[in-house]
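The sequence shown begins at 1 in the UniProt record's numbering and counts up by one. Glycine included, each C-beta is placed from N, C-alpha and C at the ideal position. Here the structure is laid out as structure tokens; the discussion comes afterwards.
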Amino acid sequence: MPTLGPFARGSRVRIGPVRRRLACARRGPSRALACERAAGRYPRTGPCPAILDACRPGRLTRPLRVEPRLVAAGHVLTDNRGRGARVRVEDVAGPAAWPHQPTPDLSGTRVGLLSVHTSPLAQPGTGDSGGLNVAVCALGRQLVRCGATVEVFTRATDDASAGTVEIGDGARVHHVPAGPPELAKHELANHLCAFYLSMAVDPIAHELDLVHAHYWMSGWVARKLRQRHGVPFVQSFHTLARAKNAALAPGDAPEPALRTTAEERIAQEADAVLASTEDEASLLRTCYGASAGRVRVAPLGVDTEVFAPDAADRERTRVELGVDGPLLLFVGRLQPLKGPDVAIEALAALREREPAAQLVVVGGASGTGVGTTDPQGLASLARQCGVEDAVRFLEPRPQRALASLYRAADVVLMPSRSESFGLVALEAQACGTAVVAADVGGLRAALGEGAGRLVRGHRPEDYAAAVSSLVSEPDRLAAAGLAGARHAQRLGWDRAAAAAAGVYAEVLDEARAEPVEAVADAHAGAC
């Protein structure tokens with residue numbers, strides 16, 4: 001099998017796609033990185049020129065064009081309250097309307113999942129952990145069932161996290177040394193070269209046939225692996241800087257230009273890009289210059305064994321919470337983007353009509369929300385609104401405990417400014433709970449028709465009115481729960497993995513027909 005050795009700088013070598021060997025830097029990543037800095041190839045601090053080169057401003061962009069919506073239908077289900085009904089569901093914008101494709105056989109294929117900036121083992125809802133973490137873990141397990149060997153690579157964040165951890169069904173998480181363990185998210189771009197160099201000397205990474213990168217930082221590393229070592233890569237962004245910057249909350253910090261231009265370059269050079277909705281696919285094509293033929297729509301999924309209606313568990317959890325009136329639930333990182341402040345103000349408006357209404361907020365402080373939408377700031381807001389006795393703050397919960405809270409709630413609130421998909425909405429629906437969400441991005445696709453309400457804008461009074469229209473009519477609330485459960489049942493992680501595996505198979509077939517051309521570097525350890 002051909003391998004990359006110490007070829008002259010700039011020479012080109014064609015390498016087959018199966019079990020390619022990554023270049024092995026003899027001196028190790030840390031020393032190689034130090035030597036490159038000492039030689040003046042890039043500065044001692046700040047992003048290295050390799051990153052800056054990847055992030056030069058691209059073409060002028062065009063406005064986002066929203067794709068037409070798709071529809072589908074539903075059947076009989078039982079809701080959290082133990083009642084059954086025939087509910088017609090017209091699902092909006094795609095996931096349930098997309099046909100279920102056969103799962104390709106990935107036997108003998110070694111897939112690397114990259115999650116540089118956050119570990120899939122971290123508890124969702126805290127720091128930088130969220131739906132991406134859930135997706136990487138679930139996808140890894142399901143791909144193993146498709147026959148693939150799955151290796152997940154993430155940055156080591158403390159000494160204890162070094163090494164390899166199995167996440168179930170044979171998928172393994174490898175903790176890659178890259179920079180000091182404790183780093184803020186905005187500092188990680190300075191250490192992407194170190195992450196790449198660590199992978200370049202990892203014997204497990206040598207065997208990868210394909211890389212699936214999650215988030216733009218992982219995409220930068222995957223792009224480098226493709227350039228230097230001929231490993232094809234698939235990209236999932238999960239969030240896009242331009243979408244977030246177009247919907248900033250007051251006082252929130254915009255995403256840096258470095259990220260925006262890096263995303264553009266990655267979108268244009270990936271062998272395939274997976275978008276979770278048609279809206280995201282349209283944004284990638286029109287605003288990022290991604291080739292229409294390389295963008296695939298593949299929905300995220302939900303664990304329908306964990307997240308499912310259970311009337312007995314609902315009543316038990318409500319008793320534990322001491323709830324006897326309408327219960328609203330907010331789940332997510334406490335940051336301006338997610339709108340927890342809107343949820344509290346909506347509760348205050350709702351209690352004018354439903355005095356017994358309560359709100360449970362599940363999540364931890366994250367990003368720029370410290371001081372405004374962190375637990376202390378939100379508690380202060382609740383006092384100002386006169387609802388401090390009706391708002392309860394809980395730390396993020398494991399999935400099974402979270403499912404109990406979804407079931408206990410009458411309505412899940414999602415007043416997000418931007419969402420690429422909205423996994424919380426899907427989990428809530430799977431539990432038979434109605435959702436009131438912002439009419440933005442992926443939430444249009446995640447919420448099944450009849451499963452709740454989409455609200456334009458972020459006026460708390462509008463969210464209160466939407467919630468009231470449901471909780472004031474028990475039959476309508478029950479029908480929404482049934483519609484949501486029907487919608488979510490068709491979106492298991494097995495289906496999401498089948499869609500991803502189909503794209504992997506296409507990319508590998510293309511690589512076999514026309515092997516990826518790699519640039520061999522005499523300085524194998526250089527970034």
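Query raised in the report: Of all the alpha helix (DSSP H) runs that stay within the bounds of the region 143-221, which reach a length of 4 or more residues?
Result: Complete alpha helix (DSSP H) runs here, min 4: 192-200.
Query raised in the report: Do GLY502 and THR104 come within 8 Å of each other at the CB atom, strictly closer than that value?
Result: First, the amino acid is wrong: residue 104 is Pro here, not Thr. Closer than 8 Å, so yes.
Report task. Examine the Cβ distances between the region 239-250 and the region 260-270 and report whether three or more of them are shorter than 8 Å. Result -> yes
Report task. Examine the Cβ distances between the region 337-351 and the region 298-315 and report whether three or more of them are shorter than 8 Å. Result -> At 8 Å Cβ cutoff, the stretches do not touch.
Query raised in the report: If we call anything under 8 Å between Cβ atoms a contact, is THR149 one with HIS175?
Result: Going by C-beta atoms, THR149 is not nearer than 8 Å to HIS175.
Query raised in the report: What are the partner residues of ALA409, as DSSP defines its beta bridges?
Result: Answer is none; ALA409 lacks a bridge partner.
Query - Sequence ranges, alpha helix (DSSP H) only - wholly within the region 397-441, length at least 4 - result: 399-408, 423-430
Query raised in the report: Would you report the Cα separation of ALA194 and THR118, rounded to the nearest angstrom?
Result: 16 Å
Query - Check whether VAL436 and VAL331 have beta carbons under 8 Å apart - result: no
Query - Rounded C-alpha distance that separates PRO120 from CYS137 - result: 6 Å
**Report entry** ALA451 and ALA483 closer than 8 Å at C-beta
**Finding:** Taking 8 Å as the Cβ cut-off, ALA451 and ALA483 qualify as a contacting pair.
Query raised in the report: Are there 16 or more other CB atoms within 10 angstroms of the CB of ALA8, so buried, or fewer, so exposed?
Result: Here the model assigns ALA8 a pLDDT of 30, short of 50, so the residue's position is not dependable, and the following value carries that caveat. Looking at its Cβ environment, which holds fewer than 16 other Cβ atoms inside 10 Å, ALA8 is exposed.
Query raised in the report: Measuring CB to CB, does LEU334 end up less than 8 Å from SER366?
Result: yes
Query raised in the report: Grouping DSSP H, G and I as helix and E and B as strand, with all else coil, what is SER236?
Result: strand
Report task. Just the C-alpha distance for GLY130 and GLU354, rounded to the nearest angstrom, thanks. Result -> GLY130 and GLU354 have their C-alpha atoms roughly 32 Å apart.
**Report entry** Same chain, Cβ closer than 7 Å to LEU381, neighbours up to 5 away in sequence not counted
**Finding:** ASP341, ILE344
**Report entry** Alpha-carbon to alpha-carbon, VAL516 and ALA403
**Finding:** 44 Å
Query raised in the report: With distances taken from CA atoms, which of LEU132, THR433, GLY170 is nearest ARG145?
Result: For the residues LEU132, THR433, GLY170, the minimum Cα distance to ARG145 belongs to GLY170.
Report task. Just mark ASP279 as buried or exposed, buried being the case when its beta carbon has 16 or more other beta carbons within 10 Å. Result -> buried
Report task. State the DSSP-derived secondary structure class of ALA247, mapped to helix, strand or coil. Result -> coil
Report task. Go through its chain and collect everything with a Cβ distance to ALA135's Cβ below 6 Å, but skip five positions before and after it. Result -> LEU300
Query raised in the report: At which residue ranges does the region 324-403 contain complete alpha helix (DSSP H) runs of 4 or more residues, listed in the order of the chain?
Result: 340-350, 375-385
Query raised in the report: By Cβ distance below 7 Å, which residues in the same chain neighbour VAL295 in space, the five residues on each side in sequence not counted?
Result: VAL273, ALA275, ALA281, LEU284, ARG285
Query - ALA511 to LEU413 span [Cα, whole Å] - result: 44 Å
Requested in this report: Find the nearest neighbour of SER115 within the set ALA356, VAL221, ALA379, judged by alpha-carbon distance.
Outcome: Minimum Cα distance to SER115 is reached at VAL221.
Query - Straight-line Cα distance separating ASP209 from THR109 - result: 6 Å
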